[in-house]
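Contents: one structure, followed by commentary.
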Amino acid sequence: MWFCVEPVSSIDESIVGVFCTSGLLRISSKETVLKTPNINGILQNNRLIISIDNALILYEDEKRCNQANFVDAVSPVEVIAVSASGNIVVCGLTNGTIVVLHISGAILLTLELQSPDGKGGTTFAGIFDEGNGRFLLHTTKGSLHRLILDESNILESIASGQQEQKFSQYAHYEKLIEKLFKDPVSCFIPIRQYCDGKETIVPFIAAANKHSIYFSSSENVETVPLKPEYNGVKKMFTLMNCKYALTYSGQLFEICPLTKMMSELPCMFRIEELVILETTGEIIELLITTKPDCNGKILMKIVSFPSMEIRQEMEMSEHTWLVQQPKNSANIYYIAGLTHNEPIVQEFELKILSETDPSLRLIKLIKIGRLDEAEEFAKQFELDVQLVHQARTKQLLEGLGTSLDAEDLFCRLMKALADVNDPLFLTSIRDANIADRNMKKRYLQFLLEKVSAAQNVDMESVIDINERLLRMETLKLIDPYEIDQDWQQFVYHDNLLQLCTELFQKDMDAACLIWSRHIACILPQLDDSKVACLLRAIPKETSPLHVVQWLLHFVGPILHHQPQLMHLLVQFIVTRTKSFQKLAGWPMIGLTFIEDVIKLLQEVKFPLIDLRLQYDSNMEELHRIASALRDLVILKQQFNLQASLDCYMQEDVNSTAFRLLQITPLNLLARIVTEFLYKFFIGKEQLLFEQIVHYVKFLTVNQHNSFWDQRCVALVELLYDEQQQLETVLVILRAAPVPWSPAVASLMRYSASDLPIAAETINEQNTQIIKCLKVKYGWSLKALFNTQLLVQRVLKLHHPEMLADINAIVKTDRGLAFRTDVSVIVKMAEYGEVIAAAQYLDELENTRRDNCCRSSISMMIRMIDGGRISTDMTNAYLEALQMLKRRASTDQQNAIQQIVNIVQLRAEFGLSVSCASYSHTTERTSLLLNGIRSIFAKLQHNRDQFVDLLLGAMRRLSSLLGMNLLDSLYEVMVLLKNIHLSCLLAGQLTEMANLRQPNAFSSVHRIVSLLLVQQVQSMHSNQCYAWMEDPLTFPVCRELLYQTTTDCPQEVAVRLELLRWIQLGARYYPVGIEEEFSKRTIIPETVFNAMYEQLAEDGIAKQNGINGTTNFKDFKRESLSTFDVVNDEFDQVSVPRNRQVQEQETIVTCVGLALQMVLLRVKGGTGSSGTFTHLLALIGPIG
């Protein structure tokens, strides 16, 4: 057991020029050693841990080599790791046990690992400290374990004396990877893995043995073979996030975890063992031992990585082991083995390698902080102790900021300072960081006394320390309650000008105080550009009071020191004054500020006149701004106006007047002109009036301004020149939108002026009325102006107030009255509002009413006569014409009645009639015939009421055409060519017409002649109409002649002569035969059908007026009963007759034959007889 430890007397042995070695400990075993032991050594945080086989030697302080703690680990220690504090030691034993110890030797925890193959004999490939008490342990078989220790709780538990069983609660063990490699691994290194930006729990592992490198994770393993000449990997380590491996043959190569590739580093020697001394961004140093060369020489080297450049090297004994240690130690530790003539090492000695030169050694001791040892060392070798005192002073100054007992440490500092005599060093530490203000003041006072008492001292340093003390006094003023935590920044600040600039943001009072108290050290640093920068650095949000306060301290020294900067200062004052415009108290704040600044500048006394000041011009500029601000104050206080200072100063008086008119409220508009603007235009009032007119025109163009119309009215009242006033009113009226507002309408009172231009306001009022109506009726104001079209639009839209709007339009232009009146009457007629049209017409004056009636009647008659309007429109016009008829002349009344008749003829009889054809006699006869045909066509299917309907229709047709009913019926009889129907119609004439009226005889004469001719013609006809009764031709003719009268002798003679002939045939009829006329009202069907067939053959009833055609030839009449027999040769059928009827027919026949003989004779004679004129015309050829 290696527990025989004894100190070794310090005997220096020079190795090389700058290093020497000395022994510290000797470790030996009581028994003879037969096997080379397994040795590990670690120096961590002044804790030294050495393991030799199963022996652990623990030193809580590397300097106390006689105070060791020994622990028997039972089994040899294979791997060892120490926490960053050096208090916790984790060991891996060859039997697979993990032992956790405290540096005092207390065993905290023991864990036994189960071998993956179940055969035991588990050994460790290494331990890796992840930090924060986390350790990774890798076995030679391939499994990975993690041990997590709560070091702080463990140390607290040890301090409280808890037992070992309690420590397990502060440890957590887990198995991360369980693999089983065929060949055991000798070393490993973890590689961090990240998933979704977070580090995975199980790291990526690179492990190696003699043949291969294994890259394993929790899921798989990847194997990369090694070169045979490497003889396996001895050690793996990380440098600057790169992975490296040291082989047993002494080569170094880099490993890429991603590509699994290896890159060998060039090296001129083979490495046996390696320790990392220092790793920074610039330097990486390694401590290595080389393999024996051909002469058996082993060297220890300090090299730079990765160039492997040798910085120092020294020869070592055959058996040498390196101790894992940081470079910041004062010495380099290593372990040397002594064999004592035995084949195996029997004894070990811990040695230290240090510098040979005492001065270097002293510097080394001072550098690592071993000041007491350095002081003794310096005294021993009679070196300069001041270096130690200075180092101790610096050390105390550094610890003063973190010490809990600052007062005690400060006292020690003062004692250390008392031993320091170098004034340069004392002045160099004047800016030391001391958190307590009182300590800082005492510290500076001590330095000032010490430095002031020294000889050959630079006075600049004394002044600088004195300035620091003055700043401490200033600090009491600006921060009496010691609230500012960054107060040392003020004390040490090299550039107070910059500090003042920084204080502008948060404490202007402190900046002013610093400037006034430390102006002596600030002024030498100032030049023109820095002064400008200083003024620009004052924040814009700084209050005016603070700016004045700063200028109070600033202006005097600056103007005396640099008078050329007065213009720059004035520009700053002007700019700062303008910046206050955003404040609520503007412009009063600006006026107060500028007046205070002017007063301040006036109080500065200059012993000499310096032209660089340009005093008068600069002060004049300030006074000009002050005057402008006084005006702005008046505007704000009296008129509540906020004007821009720049605009007010830069614009001329005319532009200012215009702008003020723009921004002044309506209720103050008159006041600002009379009370404020007039004083600027004294003697030049016309210019002010021009600006008023200019602003009024501006308002008319920009009517979106609030109350623009009321503003215009208010300004017009301020104009004194009546002509100018009316011109302005006219501008407003012309630009006012539709409709006029009450304010604009009030301007019409100016139309009562006697000036000629006043009449134009009336015209504008009329134009406005038209514009209003345009807007009302949806007509764009930009459209071309056409009043007549507007009238038509008003009539078309037909609003309830249409007539009132029409009257308004007519009032604006009397020339539109006639056309407008006609359009209104016609349009109202179309709307069916005849009563409203009559009211409108009656309200017109006589001449205008007569003209309107005449034109309206003519227009509507023309439109109806044209026939291109609808029936509803025609009826509407007819209704209006009836209204106008009572207000029209006789000729117009006749024209109205004529168009009414024409419309009825068109509607009832389907006649294509116009006013021209109606007035022409020949065309009217043609219309009569067409009307008769139309009547026949309509009555074709109404046999039972044929006679009554025919007579009624003929009465209406004759009346509408203005023709004699007798003449109309004559034409019917001519068309029918049927004695029976003619007698039937003639028998009704005495009831339908007044045969005794004048001029009736000629018509009766014609009808009687027609009846006689048809009677004679019927005797020669072989047709039978299936009418058994006698047509009673002679009784009918006698009755007609009896009912007629005439005053004309010729007509009387004709009448008597006809009666003599007719009496011959009528005397054989019984008395009261006339009553038979009223009984014959229905035409037999055979006669009715035969009549229409005859009409069809003659082409009379083929055309139904204008409504189409009906072909009676194709008419198939129906039998009256199912027993009737229809015979096409009806003329062969004999009808039984009684004797009386036969006798009457004989007499009628004889009379007819006699009439024929008479007519034949009359026709052959040379003279003419009025009695038989019509008979001759109707009878045709005789013989």
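By our numbering, the letter at position 424 of the sequence shown is numbered 428, and the numbering carries on one by one without gaps. The C-beta atom is built at its ideal place from N, Cα and C for all residues, glycine as well. Owing to the predicted nature of the structure, the values given are computational and were not obtained by experimental measurement.
Could you check which residue in the options has the C-alpha nearest to that of residue i?
i	options	result
Glu82	Tyr63, His142, Arg30, Leu38	His142
Cys856	Ile873, Val830, Met592	Val830
Gln1047	Val1012, His550, Asp725	Val1012
Asp869	Leu845, Gln908, Thr851, Asp854	Gln908
Ile593	Tyr619, Gln641, Leu556	Gln641
Gly96	Phe128, Asn73, Leu112	Phe128
Arg1010	Gln1019, Leu970, His1024, Thr1037	Leu970
Gly373	Leu364, Gln384, Ser358, Val392	Val392
Val1152	Gln1067, Glu1097, Ile152, Leu1180	Gln1067
Arg521	Phe558, Cys8, Val978, Asn898	Phe558
Leu47	Thr25, Pro330, Lys170, Lys264	Pro330
Met887	Arg910, Thr875, Ser860	Ser860
Ile31	Gly341, Asp1102, Leu278	Gly341
Gly45	Ser33, Leu38, Glu66	Glu66
Met512	Ile482, Ile487, Thr293, Ala740	Ile482
Ala210	Cys246, Leu473, Leu730	Cys246
Assign residue i to one of three DSSP states: helix, strand, or coil.
i	result
Val574	helix
Leu703	helix
Lys510	coil
Val279	strand
Trp744	coil
Val206	coil
Val20	For Val20, the predicted model reports a pLDDT of 49, less than 50, meaning its position is unreliable; a value from the coordinates is still stated below. Coil, per DSSP.
Leu639	helix
Cys260	coil
Ser79	coil
Asn73	strand
His945	coil
Ile61	strand
Gly1109	Confidence is the limiting factor: at Gly1109 the pLDDT is only 37, short of 50, which leaves the residue's position unreliable, though a coordinate-based value still follows. In the structure shown, Gly1109 sits in coil (DSSP, three-state: anything other than H, G, I, E or B).
Asn44	strand
Arg738	helix
Gln328	strand
Met312	coil
Ile469	helix
Lys1167	helix
Pro188	coil
Ile667	helix
Pull up the CB-CB distance for residue i and residue j, whole angstroms please, since I reckon it's below 8 Å.
i	j	result
Glu599	Ala630	6 Å
Leu664	Leu636	Their Cβ separation, rounded to whole angstroms, is 11 Å, which puts Leu664 and Leu636 out of contact at 8 Å.
Glu155	Asn91	7 Å
Leu527	Ala515	16 Å between Cβ atoms; not a contact.
Within the present structure, is the beta-carbon of residue i separated from the nearest heavy atom of the ligand SAM by less than 8 Å?
i	result
Ile598	What this structure holds is no ligand at all, so the ligand SAM is not there to describe.
According to DSSP, which residues form a beta bridge with residue i?
i	result
Asp133	Phe139
His106	Ile92
Arg150	Leu140, Glu178
Cys246	Leu243
Arg30	Glu10, Glu353
Arg51	Gln48
Phe128	Thr143
Met592	In the DSSP output, where bridge partners are listed per residue, Met592 has none listed.
Does any CB atom of chain B fall closer than 9 Å to the CB of residue i?
i	result
Ile209	Given the protein chain composition of this structure (a single chain), no chain B is represented.
Beta strand (DSSP E) segments (min. 3 residues) lying fully within the region 533–560: Entirely contained in the region 533–560, not one beta strand (DSSP E) run reaches 3 residues.
Segments assigned alpha helix (DSSP H), at least 4 residues, entirely inside the region 374–400: Counting only runs of 4 or more, we get 375–384.
Start-end ranges of the beta strand (DSSP E) lying completely within the region 1001–1054, minimum 3 residues: Runs found: none.
Segments of 3+ residues assigned as beta strand (DSSP E) that fall wholly inside the region 803–835: Runs of the beta strand (DSSP E) inside the region 803–835: none found.
Inside the region 850–883 only - alpha helix (DSSP H) runs reaching at least 4 residues: Here the runs fully enclosed are 850–870.
Alpha helix (DSSP H) segments (min. 4 residues) lying fully within the region 918–968: You should have 919–923, 925–942, 950–965.
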